[in-house]
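Below is one structure, written out as structure tokens; the observations come after it.
Protein chains in written order, with this note's numbering: chain D, 5 to 487; chain V, 652 to 967.
Following this line, the structure appears as structure tokens:
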């Protein structure tokens, strides 16, 4: 059940009315309803994995209480380590075990040793990368003394399985449990804002991402026969597809949360306007990068502090390699992470890493100054190159793609599909960038507190809905579902 | 909360109204086109078929691109219409015929049988061809809703079925606004000869071609023939030309022969076998090994018409 489906609309409308009218101001009952709805939502995608989610939740609920009851800091630390190991173990087993087995078998074959080693048919539970991170951060935060373990299992289980976020994030911290334990009062403005954010997310996903996907998938399906210019165009369009797809999903998830009275963490902050790679990662998939910053980078940074700048570089490289690996069990993801980690080196050595970049605009017109525009373009070039690694099925395909770019066909006219297709695609991308730019200081593109005229707002809503219908393509799954 | 719900309901009603209007425009527009997948349905529903029609041709792509009604009419002195429906099997031939019979009649039925005729139901193929008729003929939609995977939303909400079919939406709107010509159009009486270059690509594949024989489709065809004969209709089974290289490779050709011979004998229907017609060695008459091109279809139509006429196989 995806957000951009009528099944979800029916599911959510029923839930919404039960939640706010049937169970008005009954917090515990509302939590029960959310829990059942979340498990229904998860089970609709993958019912066989529901027991795993429930058991993992129950185990970590118990671990949280056990940590607080520990007789010493050492014991608490040991229980926390157990929790972290269990969480990582889940990820390793479901996500990486097949990969390691296959690579081991390949290594033996390369060494001339015949083997019958085959990977198991392990099915990766959908959303595992997201909910295990929530479970791990829960026990770590308790051990650090930042939160108290909750005795309210329903609230805890709802936090872990919360349906807007379970499949593709955002990865909220355990402080979210506090929102579940607080009475929710219907806020008209928040609900309307939620609807607007859902609409904006839907536009990005359906109109921009899915249409870019048509072109990108066609090019990637036949790399050897594409010109260099076509490969470059597909690389750029993949950037827009990724951004529109993932940020669109996040917008819809946050919007749904607002409709239920929750504040879900922002996951994107206009990464297409990043001035350098550090700025990019402060704006892209913010909940993942902040999670890894808090639980991996900062501890490593402390550990390597005696190495000075090289310690920071090492910590960054390890951090980003893990970010790459989080995305999937493939050497391309490892290299993707490593690549981004290495891009930090000039920033760290020059000191720019420590400065929070802010885009400057001209006084008389709200456009970036030429220098900053150049920095943004350069940053996007680096990001696009990284996305070749991200999108490739294996290193060989990545090499094939890059080799395809680096030849004289780079100067030829790229394949554009029909005008009927590429003109609306380009217009939709320009609309997305323009709205993001104009609204960059607001939470999301359709935060219309500055538009006073109701007629103008409704025209925008209806035009958006018409565009969504008009440019819809056969359903394409959200990219981050696979992680 | 009350304000939010009332606003939401008002927006929803506005949206439903807008979508209903757009659905009307798109569907009406598509019902005016001669685009291949809609042409025959449009002729049926818009009353464009001559009520004096006394010969219909059922089949799949081998029917609609190979039987030229104008040639058949001029030789046989009859009125014919080609009900061929691309890419489908016998169950859909029958569906089309049933809908045709709601408005028109015929005395003679040619069933063109090719390698795929008696295959199972084709799921989902060109499911958009039925979109324009959702609100005008529920019988048709009820017949196809399972094989075309129409959901409850598709069946009951305006524009839902068009989600993901941008080309259909744009074509419908442009047609409604007066545009006459579109890609893949130009069918006349359900026929269009294809001026496409010969391609032997399918012959170079490793797969062994075979005739599809699905029990359900076989039973359906036999029941259909039985019912039509009981109603006094004249049924003729015709096997269209197959390029000789493909014909020689079909692994269960004898099974196909045996089946149709037994149907012909049991139900007393004429069987005309043109699979080895003289032009089946001439690749200039084909665009692929199983389909005649425009030139080939003209020659074939003339051959069939002459045989129908000289053998007195039609009833008037």
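Ideal Cβ placement from N, Cα and C applies to all residues, glycine included.
Among the residues of chain V, none has a CB under 8 angstroms from the CB of residue 431 of chain D; the nearest is roughly 14 angstroms distant.
Going by DSSP, residue 781 of chain V is part of no alpha helix (DSSP H) at all; its letter is neither H nor E. Going by C-alpha positions, residue 262 of chain D is about 26 angstroms away from residue 277 of chain D. According to DSSP, residue 937 of chain V shares a beta bridge with V:943. Taking a contact to require three or more Cβ pairs closer than 8 angstroms, the segment 905 to 921 of chain V and the segment 688 to 703 of chain V do not qualify as touching. Shown here is that no member of the segment 52 to 86 of chain D has a Cβ falling below 9 angstroms from a Cβ of chain V. Residue 274 of chain D is positioned such that its CB atom lies no closer than 8 angstroms to that of residue 376 of chain D.
Boundaries of the alpha helix (DSSP H) around residue 48 of chain D: 31 to 50.
Of all residues in the segment 806 to 833 of chain V, those with a C-beta nearer than 9 angstroms to a C-beta of chain D are 808, 810, 811, 813, 814, 815, 816, 817, 818, 820 and 821, reading in chain order.
Taking the CA atoms as reference points, residue 459 of chain D sits about 49 angstroms from residue 56 of chain D. In the three-state reduction of the DSSP assignment, residue 6 of chain D falls in the coil class, being assigned neither a helical nor a strand state. Distances from the CA of residue 139 of chain D to each of D:187, D:204 and D:89 were compared; the closest alpha carbon is that of D:89. As a beta-bridge residue in DSSP terms, residue 764 of chain V pairs with V:890.
For residue 924 of chain V, the three-state secondary structure derived from DSSP is strand. According to DSSP, residue pairing for residue 731 of chain V in a beta bridge involves V:706.
Under the 10 Å beta carbon count, residue 799 of chain V is surrounded by 16 or more other beta carbons and is classified as buried. Of the residues assessed, residue 293 of chain D falls on the buried side of the cut-off, its CB having 16 or more other CB atoms within 10 angstroms. Spatial neighbours of residue 809 of chain V in its own chain (CB-CB distance under 6 angstroms, excluding positions within 5 residues in sequence) are listed in chain order as 670, 671 and 674. By the C-beta density criterion, residue 314 of chain D is exposed, having fewer than 16 other C-beta atoms within 10 angstroms. Going by beta carbons, residue 884 of chain V and residue 758 of chain V fall inside the 8 angstroms limit. Among the residues of the segment 767 to 790 of chain V, none has a Cβ less than 7 angstroms away from any Cβ of chain D.
Beta-bridge analysis with DSSP links residue 304 of chain D to no other residue. Within the same chain, and ignoring the five residues on either side of residue 94 of chain D in sequence, the residues whose Cβ sits closer than 7 angstroms to its Cβ are 60, 132 and 136.
The three-state reading of DSSP puts residue 864 of chain V in strand, counting E and B together. Separation of residue 305 of chain D and residue 195 of chain D (C-alpha to C-alpha, rounded to the nearest whole angstrom) is 41 angstroms. Annotated as proximal: residue 176 of chain D and residue 269 of chain D, with beta-carbon spacing under 8 angstroms. Relative to residue 86 of chain D, the option among D:116, D:141 and D:36 whose CA is nearest is D:141. Every candidate beta strand (DSSP E) stretch fails here, since none sits fully inside the segment 294 to 356 of chain D while reaching 3 residues. Residue 135 of chain D has a beta carbon lying at 8 angstroms or more from every beta carbon in chain V.
Excluding its 5 nearest sequence neighbours in each direction, residue 964 of chain V has C-beta neighbours in its own chain below 7 angstroms: 887 and 921, listed in chain order. Interface annotation, residue 655 of chain V: in contact with chain D, CB-CB separation under 8 angstroms. Taken residue by residue, none of the segment 929 to 955 of chain V has a beta-carbon sitting less than 7 angstroms from a beta-carbon on chain D. The CB of residue 192 of chain D comes closer than 8 angstroms to the CB of 652, 654 and 655 in chain V, given here in chain order. Residue state for residue 365 of chain D is assigned as strand, using DSSP reduced to three classes. Against chain D, a Cβ distance below 9 angstroms from residue 669 of chain V picks out 466, 469 and 470.
In the DSSP assignment, residue 455 of chain D falls outside any alpha helix (DSSP H), carrying neither H nor E.
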